[in-house]
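A.B. asks: A single structure is presented below for examination.
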Amino acid sequence: MYSYQINRIILGLVVLGSVSLLALPVSSEEKKRVPFDRDLIEKRIREIQPTAKELRFDAIGWVSSIPEAERLAKENGRPVFLFSNVGQMDLGRC
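Numbering (our numbering), first residue to last: 7 to 100.
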């Protein structure tokens, strides 16, 4: 019984290896390269560029430290908006 199982495994591996070797020449054929359509690419780039409304976010004077934010707020007579991205939203801490 034990040798029967071994023989089946060996036969399966031989069949699998043979099929793999037969499929190798088919998969290694060189595919034709499609030339780039530069106009289409440029058009797509223009389509996905952010709009002026979306770029408004970049006009905010973002700084990475509270002292610098306070200094800029004092110079410009503006309030400080503190945005903190620390914590885990699913736990209710942010």
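The C-beta atom is built at its ideal place from N, Cα and C for all residues, glycine as well.
1) Mapping DSSP to helix, strand and coil, what is Arg50?
2) By DSSP, does Val20 sit in helix, in strand, or in coil?
3) Going by Cα to Cα distance, which pick from Gly67, Val20 and Phe89 is closest to Glu81?
4) Output yes or no for whether 9 Å exceeds the beta carbon distance between Val86 and Ile72.
5) Output needed for Ala75: all residues of its chain with C-beta closer than 6 Å, excluding positions within five of it in sequence on either side, in chain order.
6) Where does Arg14 sit, in a helix, a strand or coil, going by DSSP?
7) Among Lys37, Arg52 and Leu27, which residue has its Cα nearest to the Cα of Arg44?
8) Quick one: what does DSSP say Val25 is sitting in, helix, strand or coil?
C.D. replies: Checking against the coordinates, here is how it stands:
1) The count along the sequence shown starts at 1 and reaches residue 50 at position 44. Reduced to three states, the DSSP call for Arg50 is helix.
2) One-based indexing of the sequence shown puts residue 20 at position 14. If DSSP states are grouped into helix, strand and coil, Val20 belongs with the helices.
3) Stepping through the sequence shown from its first residue, residue 81 is reached at position 75. Ranking Gly67, Val20 and Phe89 by Cα distance to Glu81 puts Gly67 first.
4) In the sequence shown, counting from the first residue as 1, residue 86 sits at position 80. In the sequence shown, counting from the first residue as 1, residue 72 sits at position 66. Contact: yes.
5) Counting from 1 along the sequence shown, the entry for residue 75 is found at position 69. Taken in chain order, the residues that qualify are Val69 and Val86.
6) Translated into positions along the sequence shown, residue 14 becomes position 8. DSSP places Arg14 in helix when its eight states are reduced to three.
7) Here residue 44 corresponds to residue number 38 of the sequence shown, with the count starting at 1. Checking every option, the nearest Cα to that of Arg44 belongs to Arg52.
8) Locating residue 25 in the sequence shown gives position 19, where the first residue counts as 1. Three-state DSSP puts Val25 in a helix.
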